[in-house]
Amino acid sequence: VINNTMALRDFKAAAFELATLCELLSIVSTPLLLDHVRREADKFLDELNILLPEVRKCSSTIEQKNGIMHKDKADEIFPIN
């Protein structure tokens, strides 16, 4: 999720740069909107970085109580970057 979001954020940043340089044909009326959606992706990445450690703690607690999820599986679902 984080890697895909970072790629999307980078795409949005590139679109903003091209729009400000007038090198992008777009239906977006202003480059400010493109910058706004890039900043939304940055905010989402910040929220993921806050939430993922909590999700890991919860999955670890569940694993300890019930033996439901192995650590390898948790790492696959919630990779650490």
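To convert, count from 1 in the sequence shown and add 39; that's the working numbering.
Idealized CB from N, CA, C, for every residue including glycine.
{"Item": "R77 and K96 closer than 9 Å at C-beta", "Value": "no"}
{"Item": "Beta-carbon spacing of L72, I41 below 9 Å", "Value": "no"}
{"Item": "Local conformation of T44 per DSSP, three classes", "Value": "helix"}
{"Item": "Outcome for A58 when other beta-carbon atoms lying within 10 angstroms are tallied against a minimum of 16", "Value": "buried"}
{"Item": "Residue of E86, S98, I89, A80 minimising C-alpha distance to L47", "Value": "A80"}
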